[in-house]
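Comments concern the structure below.
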Amino acid sequence: MDLQTMQDQLTERLLQQQLVSATISQPRLKSNDIKRIKLKPVEIKKEYLIQFEYQHEHVLKHENLPVEEAARKLALLFTDFRQALFQLTDEKVQIQLSKKFKVIWKAEPTGEKKAELSHNRKKQYLLEDGIPYPFLVRLGVQSPDGKVKKQKYDKFRQINRFIEFIDDALAYLPQDRTVRILDFGSGKSYLTFALYHYLRIEKGLDLRVTGLDLKKEVIAECQQIAQDLHYEQLEFLVGDINDYNDESAVDMVVTLHACDTATDMALARAVKWDAKVILSVPCCQHELNSQIDAPELGIMLQHGLIKERFSALATDSIRAELLSLVGYETQLMEFIDMEHTPKNILIRAYKTNRKPAAGQFESYRQFTALLSAAPFLENELKEYL
């Protein structure tokens, strides 16, 4: 299929209002500030529009266009991006474009789907309240009939938010072999089970997932649940991030609430394993708090509470920048609402092998020099910098 034929087919489907959702990704040029574009239909003041969500390095921008204008915009976008995934009302279409704009079009029937047009609609979760999911029932989040328990609704929202990140990462995971995933500090493993369910049961990926934690009783309980649910490619092991050396290559590394430099150790391992996806929610960032010496920021840092919060934000900024310097597209995202926990920043990194921008490393050096910081993660990644 050539580029014009592909554009004509998509334009026709848009005009027939058959779009449910779409994601356009993998920019052709490293200088492209837009990393990903999401599309969905919306109805505003009784007018059918296509909403474009442009995901830049650190911000999101939205644009609502009439369908004819949206079709023209879509045609132009395909000169700048190499991959797209369209969910239409009757099929899922995956599109890849070569350097010479040769089109690979793979369509898979999905059964009838309906677009949700309400602009201010109720939040739609990937896991729905009212549908029983065996792992959520077993973990006490749902009743056997699928109703989310009132006291567990925040956990249900957190699980769904995490699955949204997993869904966004699908394009970066291999499709032609077993996907290897490690979850460091898995704890009670709500999100580990959610990850496995979504990728294995919902998406049908061939994968092998390992949850690692130091608490023997918790690991034993999680392993028993995995066996009872017949999650044969999910295992839980007792172990420490610092001592885990059983892998040579991993596709996705997840680390949630690993304390202080344990997060950095997990990030460093992920880089060394050439992980394509990293999802990390840090916790207890003490390292920089003890190092920081910046007279220029004395008005802020004279207050212990402000110093603690600033140090945490600066630590995560440094982590994100270091991952960017070693070839990852990195964003700091809100994981769950601040009202539920202050530890709500998620580091999301995709391996793109993009070279650092001119002057980026020097800017990093200036920032760490300002704070008198010697980051543990920088030392762990020195061979890659």
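Everything in the sequence shown is counted per full-length UniProt numbering, starting at 1 for the first residue and increasing by one.
For each residue, glycine too, the CB sits at the ideal point set by N, CA and C.
Where residue i sits in the DSSP three-state scheme
i           : result
residue 54  : strand
residue 211 : strand
residue 367 : helix
residue 257 : strand
residue 228 : helix
residue 1   : coil
residue 375 : coil
residue 250 : coil
residue 27  : strand
residue 340 : In this prediction, residue 340 has a pLDDT of 44, which is less than 50 and means its spatial position is unreliable; what the coordinates show is noted afterwards. Three-state result, residue 340: coil.
residue 222 : helix
residue 115 : coil
residue 268 : helix
residue 10  : helix
residue 195 : helix
residue 381 : coil
residue 262 : helix
residue 205 : coil
For residue i, the nearest candidate out of the options (CA to CA)
i           : options               : result
residue 165 : 201, 98, 221 and 350  : 350
residue 20  : 33, 13, 320 and 89    : 89
residue 172 : 251, 156, 283 and 130 : 251
residue 315 : 364, 189 and 39       : 364
residue 150 : 135, 233 and 130      : 130
residue 102 : 324, 81, 222 and 378  : 81
residue 374 : 352, 384 and 319      : 319
residue 163 : 201, 302 and 178      : 201
residue 36  : 141, 61, 384 and 293  : 61
residue 179 : 185, 204, 32 and 357  : 204
residue 158 : 144, 176, 182 and 193 : 193
residue 296 : 370, 366, 230 and 283 : 370
residue 27  : 78, 126 and 235       : 78
residue 242 : 259, 368, 249 and 233 : 259
residue 6   : 106, 25 and 41        : 106
residue 273 : 4, 22, 181 and 17     : 181
residue 177 : 188, 23 and 207       : 207
residue 283 : 74, 215, 264 and 384  : 264
residue 161 : 292, 348, 290 and 385 : 348
residue 248 : 74, 275, 232 and 307  : 275
residue 378 : 73, 266, 152 and 309  : 266
residue 12  : 53, 32, 361 and 69    : 69
residue 191 : 308, 156 and 175      : 156
residue 97  : 3, 261 and 240        : 3
residue 328 : 384, 214, 246 and 74  : 384
Whole-angstrom C-beta distance between residue j and residue i, which should lie under 8 Å
i           : j           : result
residue 87  : residue 113 : 7 Å
residue 312 : residue 285 : 4 Å
residue 256 : residue 185 : 6 Å
residue 71  : residue 15  : 7 Å
residue 51  : residue 64  : 5 Å
residue 225 : residue 237 : In fact, because the Cβ distance is near 15 Å, the residues do not count as touching under 8 Å.
residue 209 : residue 195 : 7 Å
residue 294 : residue 189 : Going by Cβ atoms, the distance from residue 294 to residue 189 rounds to 39 Å, so no, they are not a contact pair.
residue 356 : residue 324 : 7 Å
residue 301 : residue 292 : 7 Å
6 Å Cβ shell around residue i - same chain, five flanking residues per side excluded
i           : result
residue 270 : 253 and 278
residue 346 : 281, 333 and 335
residue 30  : 354
residue 446 : The structure shown does not extend to residue 446, since the chain is modelled only from 1 through 385, so no value can be given for it.
residue 169 : 277
residue 199 : 205 and 207
residue 435 : Residue 435 is absent from the model: the chain starts at 1 and stops at 385.
residue 23  : 38 and 85
Closer than 8 Å to chain D by CB, residue i
i         : result
residue 7 : Among the protein chains of the structure shown there is no chain D, as only one such chain exists.
Spatial neighbours of residue i in its chain, beta-carbon cut-off 7 Å, leaving aside the 5 residues before and after
i           : result
residue 381 : 268, 271, 322 and 326
residue 108 : 91 and 92
residue 133 : 127, 142 and 197
residue 42  : 49, 51, 64, 117 and 119
residue 244 : 212
residue 32  : 80
Sequence-distant residues of the same chain with beta carbon closer than 8 Å to residue i, five excluded per side
i           : result
residue 111 : 90
residue 144 : 132 and 137
residue 223 : 235 and 236
residue 338 : Reliability of the predicted coordinates at residue 338 is poor, the pLDDT of 40 falling under 50, and the value obtained from them is presented with this limitation in mind. The answer, listed in chain order, is 344.
residue 17  : 41, 48, 67 and 115
residue 307 : 289, 292, 300 and 301
**Item:** Complete runs of the alpha helix (DSSP H) confined to the stretch 35 to 113 [at least 4 residues]
**Value:** Listed in chain order, they are 67 to 77.
**Request:** List in chain order: all unbroken beta strand (DSSP E) runs of 3+ residues lying wholly within the stretch 121 to 192.
**Result:** With a minimum length of 3 residues, the continuous beta strand (DSSP E) runs that stay inside the stretch 121 to 192 are 179 to 184.
**Item:** Ordered list of beta strand (DSSP E) runs contained in the stretch 282 to 365, each at least 3 residues
**Value:** Whole beta strand (DSSP E) segments, 3+ residues: 328 to 334 and 345 to 351.
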